[in-house]
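Have a look at the structure below, then the notes.
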Amino acid sequence: MIDKKLLEILVCPVSKAPLDYDQQRNELVCKASGLAYPIRDGIPVMLESEARVLTTDEKLG
33 MIDKKLLEIL VCPVSKAPLD YDQQRNELVC KASGLAYPIR DGIPVMLESE ARVLTTDEKL
93 G
């Protein structure tokens, strides 16, 4: 789980858009850039090189 206050502050480093928390995958998702940033040991890894590219279905959903 990620702190709600932290989620309000963080934005995507690529698009500067807000992020959504995906609890099932433990990622912060940015639909604007199509990237999902992992959370490791409770710490968001906000590096584009570490992000996963969203599938088409994920972008639309």
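Heads up: the sequence shown begins at 33 in the numbering used here, then just goes up one per residue.
Ideal Cβ placement from N, Cα and C applies to all residues, glycine included.
Since this is a predicted model, take the numbers as computed values, not measurements.
Buried/exposed call for residue i, threshold 16 Cβ in 10 Å
i: leucine 51; result: buried
i: leucine 38; result: exposed
i: valine 85; result: exposed
i: leucine 92; result: exposed
Reference residue i; option with closest CA among the options
i: cysteine 44; options: Ala68, Asp89, Lys36, Met33; result: Ala68
i: alanine 94; options: Asn58, Gly93, Asp89, Leu92; result: The chain is shown from 33 up to 93; residue 94 falls before or after that span and cannot be answered.
i: cysteine 62; options: Leu42, Lys36, Ile34, Met33; result: Leu42
Beta-carbon contacts of residue i that lie in its chain and below 6 angstroms, excluding the five residues immediately before and after
i: serine 65; result: Cys44, Val46, Ser47
Delimiting residues of the beta strand (DSSP E) encompassing residue i
i: leucine 67; result: 67-72
i: leucine 60; result: 59-62
Same chain, Cβ closer than 8 angstroms to residue i, five either side skipped, listed in chain order
i: glutamate 80; result: Pro45, Val46, Leu67
The alpha helix (DSSP H) enclosing residue i, as first and last residue numbers
i: glutamate 90; result: 88-92
i: leucine 79; result: Unbroken run through leucine 79: none, as it is neither H nor E.
i: lysine 36; result: 36-41
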